[in-house]
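Here's the structure we're looking at; comments come further down.
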Amino acid sequence: MLVYIFLLLLYRARFKNFIIQYTPEERRDKAHEIIVRSAHVAKDYLGGRLLLMIILAVFYCVGLSVIGIEQAIFFGVLAAILGIIPFVGNILGAILPISMALINDGTSTALAVVGLFTVVQLIENYLLEPMVVGKKVDLNAFFAIAIVILGEMLWGISGAILAMPVLGIAKIIFDNIKQLEPLGYLIGEDKNESDSGLSKKLVDKIKGIFSN
């Protein structure tokens, strides 16, 4: 996969020029706009993944520290970095702290670590990833979750990683083709609706907790 990504980056200008040349002259400005916006999707996706990684690192570091695991910060940051790899990364990140807990503290502490990673993974998969990463590429929560699962089923880990940015690019194309605009609306997050959606309700709830 890395080879394909490298070649795509190497020949990206050629692909861009091909699309522009193939497009009728009266639509070339629109084609150029789609290409530029598509390029921003990859950057926004990486930015969302980085933000998610930081949030996960905080969760893991605090949780492991509370449980009493030695080198909690190291294991927490490592788990957050490995979490970039969908599904498998969380398992790899949990192995070391679980092993450390079994060696130093026993079964009960190891089970606490398992519980921590299970809860954080559920929060990541069904709340943080669609809200943080999905929103960055302008996808609503349902399709942000569904496309990652579908990508993993079809193409494994590579599919899970690439699925969300690919759908984000597809949404840009849908939004700029009249006949496909309903599809873009279906998978996207309407700006007006999102203001009163799940993310705002969650933020308001958290603010309410800390203000009491």
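Position one of the sequence shown corresponds to residue 1 (UniProt numbering), numbered consecutively onward. For each residue, glycine too, the CB sits at the ideal point set by N, CA and C.
#### Entry: Enclosing alpha helix (DSSP H) for F87 [first to last residue]
Per DSSP, F87 belongs to no alpha helix (DSSP H) and is neither H nor E.
#### Entry: Three-state class that DSSP yields for V66 in the structure shown
DSSP places V66 in helix when its eight states are reduced to three.
### Reduced DSSP secondary structure (H/G/I, E/B, other) of Y11
Collapsing the DSSP output to three states places Y11 in coil.
#### Entry: Range covered by the alpha helix (DSSP H) that runs through M153
Its alpha helix (DSSP H) spans residues A141 to D175.
### Secondary structure of T23, DSSP reduced to three states
Coil.
### Query
Near V88, which residues of its chain fall below 7 angstroms by C-beta distance, leaving aside the five closest residues on each side in sequence?
Closer than 7 angstroms at the Cβ level, and outside the excluded window around V88, lie I157.
### Reduced DSSP category for Q71 - H, G, I as helix; E, B as strand; rest coil
In the structure shown, Q71 sits in coil (DSSP, three-state: anything other than H, G, I, E or B).
### Task
Check the C-beta distance from A72 over to M53 and give it rounded, since I have them as a contact under 8 angstroms.
With a Cβ gap of about 17 angstroms, A72 and M53 do not count as contacting.
#### Entry: Boundaries of the alpha helix (DSSP H) in which Y126 is found, first to last residue
Careful: Y126 lies outside any alpha helix (DSSP H) and carries neither H nor E.
### Query
Along the chain, where does the alpha helix (DSSP H) that runs through G184 open and close?
Counting along the chain, the alpha helix (DSSP H) containing G184 begins and ends at E181 to I187.
### Query
Is I106 helix, strand or coil when you go by DSSP?
According to the sequence shown, residue 106 is Gly rather than Ile. Three-state DSSP puts G106 in coil, outside helix and strand.
### Query
Excluding sequence positions up to five away, which residues of its chain have a Cβ less than 7 angstroms from the Cβ of A42?
Beyond the five residues adjoining it in sequence on each side, A42 comes within less than 7 angstroms, by CB distance, of P165 in the same chain, given in chain order.
### Query
Going by the beta-carbon positions, is the gap between F75 and M100 smaller than 9 angstroms?
A contact, by the Cβ cut-off of 9 angstroms.
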